[in-house]
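A short write-up of the structure that comes next.
In this note's numbering, the protein residues as written are 6 to 516.
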């Protein structure tokens, strides 16, 4: 248990460091693009990224299924099976890369129909799309399977370190290109170059750490069938998560235009940056939870699950409070009032952020328990509902309709239905206590946001000093409100014990 927790802590530390730079550098690059090229260019880049994210569904969630399949042979020291899994993974990824390339090229004639209004003058959207497509395809052919090997061995810190260096370098060159040349083509070409460097370095380090794990051997039919079954379930989940994000951008571009898409993406970038910090925690403990599923009882895992939910939703509540108080003043400083949205829409973004996090721990345990097949129907319904509601609500309420459609499907289908599947097929107990816990956390979040927003309204200091004051105020007030709601509960004391143990472990070893 101690080694699993240490690996998780080490992964969290390096992933947080990586995430900080991965947040700052795209923000700086986006700022440079807005000021040197304009909002239409920014929207165009966001559209291409969203379209290619949809195409990446061809991966079928294969990496997640393969990482899960590696847990048991790693735990048992079964080297031949690990090598066979890696060989199978490499083959499938190459097939996927070819499929993405073919489908991506096929979509090229339809690009103009995805953009309402005109594109920036002098821009060849087909060439730019080809560059973005090549960036997506390259990863499938250049050692992407080695990243999953590192993840399965709980060495996400290695992936984070490599990603940190390559990402910072790429964004630095992109910003320099925008400032010196104001040329979107130069900016775009740097994307695939960065992917090439990142994957090659990860491969070299993986070979150094695990030289005996090579692509060799064949899997038996039973293992392949088991992987195919799990992959089909992961594909369906990825389908729902993609319609929740990328399709939103495509619908906005098609119905509202590139300028509105830029507004949406500016706010979504801030919200997703905060979500990314929370995702660091999820990614870092994924292997530990997977190992716990294999080695611990259901009751022990359920107690861990409750502690994780309590801590994770408390962090989400604090983040929601800070977002509500800071997002509008920050946007006005960053891009000005012209690219800012109404306060009510900003509040919807905060609500979107919180309800999205409500299903994260459930998804983590559902994935680690291998419940993709049992979960196969829910993502289909969520995807269909999200697309239909997007197309309907965007015509009724415009910008707000996109957010309302996604929030609705998140609460009813992703959170509610998804939790039922986990409790029925893995924990095998009633869901009432879990729903009560989430309800208490939701009430605490609303109270924290209300108190923080009300008090921050009296801060009349403008600019960056005002942001700092509001950050400190919302942070302290939200923590105080959450403490008042939970300090007498058993989960609070269990969570504090868990945190103390983690901190002691962190202080006793060098990360």
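A virtual CB, placed ideally from N, CA and C, is assigned to each residue, including glycine.
Of the candidates 496, 349 and 119, the residue whose Cα lies closest to the Cα of residue 313 is 496. Between residue 51 and the set 172, 423, 432 and 31, the nearest pair of CA atoms involves 31. Annotation: the continuous alpha helix (DSSP H) that includes residue 107 extends over 84–111. DSSP places residue 407 inside the alpha helix (DSSP H), whose first and last residues are 404–414.
Between residue 105 and residue 145, the C-beta gap is smaller than 9 Å, which places the two residues in contact.
Only residues of its own chain outside the window of five on either side were considered, and among them 497 have a CB closer than 6 Å to the CB of residue 491, listed in chain order.
Judged by DSSP secondary structure, residue 166 falls within the alpha helix (DSSP H) whose first and last residues are 161–186. For residue 359, the enclosing alpha helix (DSSP H) covers residues 348–362. Taking the Cα positions, residue 150 is about 29 Å away from residue 253.
The continuous alpha helix (DSSP H) containing residue 485 extends over residues 468–491.
Taking C-beta atoms as the reference points, residue 221 and residue 91 count as a pair closer than 9 Å. Counting the other CB atoms within 10 Å of its CB gives residue 504 a total below 16, which places it among the exposed residues. By the criterion of a C-beta distance shorter than 6 Å, residue 414 is surrounded in its chain by 387, 390 and 391, once the five residues flanking it on both sides are discounted.
Going by C-alpha positions, residue 203 is about 27 Å away from residue 86. Annotation for residue 245: 384, 387 and 388 place their beta carbon closer than 6 Å to its own, counting only its chain and skipping 5 residues before and after. Taking a cut-off of 8 Å for Cβ pairs, the stretch 251–270 and the stretch 403–422 touch, as three or more such pairs fall below it.
Around the Cβ of residue 372, a 10 Å sphere holds 16 or more other Cβ atoms; the residue is buried. In the structure shown, residue 433 falls within a coil segment according to DSSP collapsed to helix, strand and coil. When secondary structure is reduced to three states using DSSP, residue 43 falls in the coil class, being assigned neither helix nor strand. In this chain, the alpha helix (DSSP H) harbouring residue 333 covers 303–339.
Within 10 angstroms of the beta-carbon of residue 299 lie fewer than 16 other beta-carbons, which makes it exposed. The DSSP-derived three-state label of residue 374 is coil. In the structure shown, residue 503 falls within a helical segment according to DSSP collapsed to helix, strand and coil. Taking a C-beta distance under 9 Å as the contact criterion, residue 284 and residue 365 qualify as a contact pair. Spanning the alpha carbons of residue 346 and residue 268 requires a straight line of approximately 8 Å.
DSSP, read as helix, strand or coil, puts residue 382 in helix.
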